[in-house]
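Q: Each residue of the sequence shown is one higher than the one before, counting from 1 in our numbering. Ideal Cβ positions, reconstructed from N, Cα and C, are used throughout, including at glycine. Could you have a look at this structure, given as C-alpha cells, before my questions?
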Amino acid sequence: MTLRPFVTPLFLILLAICLGLAVNAGLTSGLDKSLLGMIAMREGRSPALAIDAMQAASFIGDSSQRALWIVVFAAVLFWKKRPRAAIVMIVAPVLASVTSSVLKEMFARPRPSIVPHLDHVTNLSFPSGHAVNAAALFLLAALLIPGRAPRTHLTLAIAFMATIGFSRMALGVHYPTDIVSGWLIGTAFALAGVAVMRSWEATR
C-alpha cells in the first residue's frame, strides 16, 4: 500500500491541530466570538421554527445517531456486494470519533458562553464532534456509494455537513473554529477510508 493517498488526510489533521494550537494561544478569540455572536440564535428573539430546524439538524449529526447511520450505509454496501467497503464504512467514522475525543481532551476548550445554549452539552468544545461525524459519515458514504449520480450524492453530503455544522453555531454551543476543525478531521478520515478501500480492493 502506497502512502501517497494518505498525504492529504494527514495534512488535514495537522491543519486541524494547528488550528487548535492557534485557538489555545488566543489567536482566534476575537473572530470566533464576533462570528458566533452574529450566527447564534436567541430564544424569544429568533423564530421558534428556525430554532426547531437547527435542533433537528443537530440531532442528525449527534453521536447517538452515528451507529444508525453506520449500519444503514454499511448495509447498502453489503447489499451491493462490497464487503470491504462496508468494513471501511464501519471503521473510519469510529476512528474519526475517537480522534475527536482525544483532541477535545488535549485542547480542553470550554464551550462558548456568548449566548444561552439552545442544546444540552456536557463535553468540551474543540473540535466539534457533530462536524466530525457529519464529514466522516456522509462524505465517506457519498464517496463509497456513488451510484449513478455521484455528484448529486457528494453535493448532498456537503449540504448535510454544512447544515449540521451551522446548526451547532446557531444553537450557541460551538465556535466557528470548532466546526472548521471538525470538518477537517472528518474529511481526513473519509479520504483515508476511500484510500484504504481502493488499495484493499485492488489486491483482490
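1. What residue from S199, L191 and R109 has the CA that sits closest to L10's CA?
2. For S199, does the three-state DSSP call read helix, strand or coil?
3. Suppose the cutoff is 8 Å on Cβ atoms and the five residues either side in sequence are ignored; what does the same chain contact list for V91 look like?
4. Within the continuous alpha helix (DSSP H) that includes H270, where are the two ends?
5. Note down, in chain order, each residue of its chain lying with its Cβ closer than 7 Å to the Cβ of R4, except the 5 sequence neighbours on either side.
6. For the candidate residues A67, L27 and S125, whose alpha-carbon lies nearest to that of M106?
7. Sort A141, D52 and I87 by Cα distance to L156 and report the nearest one.
8. Taking the alpha-carbon of A56 as reference, which of I185, V196, L154 and H130 has the nearest alpha-carbon?
9. Which residues share a DSSP beta bridge with S46?
10. Return the residue from the list L154, A136, K81 and I39 that minimises the CA-CA distance to W183.
11. If you drop the 5 nearest sequence neighbours on each side, which residues of the same chain put their C-beta closer than 7 Å to that of A40?
A: For this structure:
1. In the sequence shown, counting from the first residue as 1, residue 10 sits at position 10. Of S199, L191 and R109, the residue nearest in Cα terms is L191.
2. Counting from 1 along the sequence shown, the entry for residue 199 is found at position 199. Here S199 sits in helix by DSSP.
3. Against the sequence shown, residue 91 aligns to sequence position 91. Closer than 8 Å at Cβ, skipping near neighbours: G193.
4. The chain is shown from 1 up to 204; residue 270 falls before or after that span and cannot be answered.
5. Against the sequence shown, residue 4 aligns to sequence position 4. Once the five neighbours on either side are set aside, R4 has no close Cβ partner at all.
6. Here the question's residue 106 lines up with position 106 in the sequence shown. Comparing Cα-Cα distances from M106 to each of A67, L27 and S125, the minimum goes to S125.
7. Counted from its first residue, the sequence shown places residue 156 at position 156. Comparing Cα-Cα distances from L156 to each of A141, D52 and I87, the minimum goes to A141.
8. By 1-based counting over the sequence shown, the position of residue 56 is 56. For A56, the nearest C-alpha among the options comes from H130.
9. By 1-based counting over the sequence shown, the position of residue 46 is 46. Bridge partners of S46: E43.
10. On the sequence shown, position 183 is the one that residue 183 refers to. Taking only the C-alpha atoms, the option nearest W183 is A136.
11. Against the sequence shown, residue 40 aligns to sequence position 40. Closer than 7 Å at the Cβ level, and outside the excluded window around A40, lie I114, V115, M169, A170 and G172.
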